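2 protein chains.
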Amino acid sequence: MSYTISEAAQKTGLPPSTIRFYDKEGLLPNIKRKNGIRVFEDMDLRLMGLLTCLKNTGMPIKRIRDYVELTSKGDDTLQERYEIIKAQRQFVLDQIEQLQYYLEELDFKDWYYNKALAAGSESAINLDDYEKETGKKAPDDPNRRD
Amino acid sequence: MSYTISEAAQKTGLPPSTIRFYDKEGLLPNIKRKNGIRVFEDMDLRLMGLLTCLKNTGMPIKRIRDYVELTSKGDDTLQERYEIIKAQRQFVLDQIEQLQYYLEELDFKDWYYNKALAAGSESAINLDDYEKETGKKAPDDPNRRD
DNA sequence: TTATTTATTAAAGTTAACTTTAAGTCAAGG
DNA sequence: CCTTGACTTAAAGTTAACTTTAATAAATAA
Numbered sequence: 000m001s002y003t004i005s006e007a008a009q010k011t012g013l014p015p016s017t018i019r020f021y022d023k024e025g026l027l028p029n030i031k032r033k034n035g036i037r038v039f040e041d042m043d044l045r046l047m048g049l050l051t052c053l054k055n056t057g058m059p060i061k062r063i064r065d066y067v068e069l070t071s072k073g074d075d076t077l078q079e080r081y082e083i084i085k086a087q088r089q090f091v092l093d094q095i096e097q098l099q100y101y102l103e104e105l106d107f108k109d110w111y112y113n114k115a116l117a118a119g120s121e122s123a124i125n126l127d128d129y130e131k132e133t134g135k136k137a138p139d140d141p142n143r144r145d
Numbered sequence: 000m001s002y003t004i005s006e007a008a009q010k011t012g013l014p015p016s017t018i019r020f021y022d023k024e025g026l027l028p029n030i031k032r033k034n035g036i037r038v039f040e041d042m043d044l045r046l047m048g049l050l051t052c053l054k055n056t057g058m059p060i061k062r063i064r065d066y067v068e069l070t071s072k073g074d075d076t077l078q079e080r081y082e083i084i085k086a087q088r089q090f091v092l093d094q095i096e097q098l099q100y101y102l103e104e105l106d107f108k109d110w111y112y113n114k115a116l117a118a119g120s121e122s123a124i125n126l127d128d129y130e131k132e133t134g135k136k137a138p139d140d141p142n143r144r145d
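Keeping their order, the protein sequence lines are chains F and P.
Here the first sequence stands for residues 0 to 145, numbered as in numbering that gives the first Met the number 0.
Here the second sequence stands for residues 0 to 145, numbered as in numbering that gives the first Met the number 0.
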């Protein structure tokens, strides 16, 4: 199945301008052309899915291009490509861990505002209650007056 | 306890230039000054911790400033601040979910390159093996030739 | 055939979040 | 007192990842 750029945009969720930008940056090698107009195949759409994965997990475009270029060089580059994927996988694991840490900070704030709203004032809050009520340790509260 | 900007930088992990930038952007209200020089208190450092949490979970600086400004307006703004925190908390949950989805794509790639390296070539890979070996569904592979 | 829509390019513009620079001020050690 | 290092500001510069513009060409509908 073949697609125009606007169909590819539809299918991938990327605007046509971004697809052209990625093409120009070398992220989409071997896109076919018919009278100068890009013709996308399913393989291209699947590649864009991988690009989106790498991009949305924080890989810079330069590095994505490196990966794509290695891919087109064939089996000689398997090890190098594997290292890139492994590193990115670990990077995602680290990000999840960090987000889970930040989530705890926000959980505390959620508790804090629930308490404050129930009492009508922040000044009524006893931070020790957080550990008593949730079993979790309260993170440092910016509003605490030392 | 009081700190200079470089001590605050040390403690928060933010460079002094960034702390000054945040101050200028209104993210650090009421920083004390002594002869024009900033004097940071523990409360300020804890606020910076919250800023880092909000920033690193994707909140734009403008919105962080809104939140900080509401905070300094007192109990009248509790509900509004709570909405911001609730939304950010949900945003973090969504991010974690998305990262877990992308992780599956990278898990597949990890499997793929292990197989390819063992066989010495990508062409030897049978994608059906992924589901057989891991019980997980293989995501679309960009290298598949339809 | 003509009009409209969709495609193309190169180049310039945008945005967020800093960072660097330059010129000057303050504080501490010798 | 003088030098050295840390602090100050405003303003300009940087970077990544796009987006917009303008001018043009190809495809599609009437």
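For every residue, glycine included, the Cβ atom is placed at its ideal position computed from N, Cα and C.
Bear in mind the structure is a predicted one, so any value in this text is a computation, not a measurement.
Outcome for residue i when other beta-carbon atoms lying within 10 angstroms are tallied against a minimum of 16
{"i": "E104 (chain F)", "result": "buried"}
{"i": "Y129 (chain F)", "result": "buried"}
{"i": "R80 (chain F)", "result": "buried"}
{"i": "A7 (chain F)", "result": "buried"}
{"i": "F107 (chain F)", "result": "buried"}
{"i": "Q87 (chain P)", "result": "buried"}
{"i": "A123 (chain P)", "result": "exposed"}
Short Cβ contact (8 Å threshold) for residue i with residue j
{"i": "P141 (chain F)", "j": "M58 (chain P)", "result": "no"}
{"i": "V91 (chain F)", "j": "P28 (chain F)", "result": "no"}
{"i": "T11 (chain F)", "j": "L44 (chain F)", "result": "yes"}
{"i": "I63 (chain P)", "j": "D109 (chain F)", "result": "no"}
{"i": "R143 (chain F)", "j": "L126 (chain F)", "result": "yes"}
{"i": "I95 (chain P)", "j": "Q99 (chain F)", "result": "yes"}
{"i": "Q97 (chain P)", "j": "L116 (chain F)", "result": "no"}
Proximal chain F residues relative to residue i, where beta-carbon distance stays under 9 Å
{"i": "V91 (chain P)", "result": "L98, Q99, Y101, L102, L105"}
{"i": "L27 (chain P)", "result": "Under the 9 Å cutoff, chain F gives no residues; its nearest Cβ is about 11 Å from L27 (chain P)."}
{"i": "D74 (chain P)", "result": "A115, G119, S120, E121, S122"}
{"i": "R19 (chain P)", "result": "What R19 (chain P) touches in chain F: nothing, since even the nearest Cβ is about 19 Å away."}
{"i": "D22 (chain P)", "result": "Chain F residues near D22 (chain P): none, gap ~15 Å exceeds 9 Å."}
{"i": "R144 (chain P)", "result": "M42"}
Neighbouring residues, chain P, relative to residue i (Cβ below 8 Å)
{"i": "I60 (chain F)", "result": "By Cβ distance, chain P contributes nothing, its closest Cβ being about 17 Å from I60 (chain F), past 8 Å."}
{"i": "T56 (chain F)", "result": "L98, Y101, L105"}
{"i": "I95 (chain F)", "result": "I95, L98, Q99, L102"}
Reduced DSSP category for residue i - H, G, I as helix; E, B as strand; rest coil
{"i": "R143 (chain P)", "result": "coil"}
{"i": "K131 (chain F)", "result": "helix"}
{"i": "S120 (chain F)", "result": "coil"}
{"i": "E24 (chain P)", "result": "coil"}
{"i": "S1 (chain F)", "result": "strand"}
{"i": "K136 (chain F)", "result": "coil"}
{"i": "I36 (chain P)", "result": "strand"}
{"i": "K31 (chain F)", "result": "strand"}
{"i": "S16 (chain P)", "result": "helix"}
{"i": "N125 (chain F)", "result": "coil"}
{"i": "M58 (chain F)", "result": "coil"}
{"i": "G48 (chain F)", "result": "helix"}
{"i": "K72 (chain F)", "result": "coil"}
Contacts that residue i makes with chain P (C-beta to C-beta distance below 7 Å)
{"i": "A115 (chain F)", "result": "L77"}
{"i": "K85 (chain F)", "result": "D109"}
Expected contact under 8 Å - CB spacing of residue i and residue j to nearest Å
{"i": "E40 (chain P)", "j": "S1 (chain P)", "result": "6 Å"}
{"i": "S120 (chain P)", "j": "D75 (chain F)", "result": "Not quite, the Cβ-Cβ distance comes to about 10 Å (not below 8 Å), so this is no contact."}
{"i": "L26 (chain F)", "j": "I60 (chain F)", "result": "7 Å"}
{"i": "I30 (chain P)", "j": "R19 (chain P)", "result": "The Cβ separation is near 10 Å, so there is no contact."}
{"i": "T56 (chain P)", "j": "Y101 (chain F)", "result": "5 Å"}
{"i": "D139 (chain F)", "j": "G134 (chain P)", "result": "Contact doesn't hold; Cβ gap of about 43 Å is too wide."}
Chain F residues whose Cβ lies nearer than 7 Å to that of residue i
{"i": "D139 (chain P)", "result": "R45, G48"}
{"i": "Y81 (chain P)", "result": "Y112, L116"}
Neighbour list for residue i in chain P, Cβ cutoff strictly below 9 Å
{"i": "R88 (chain F)", "result": "L102, L105, D106, K108, D109"}
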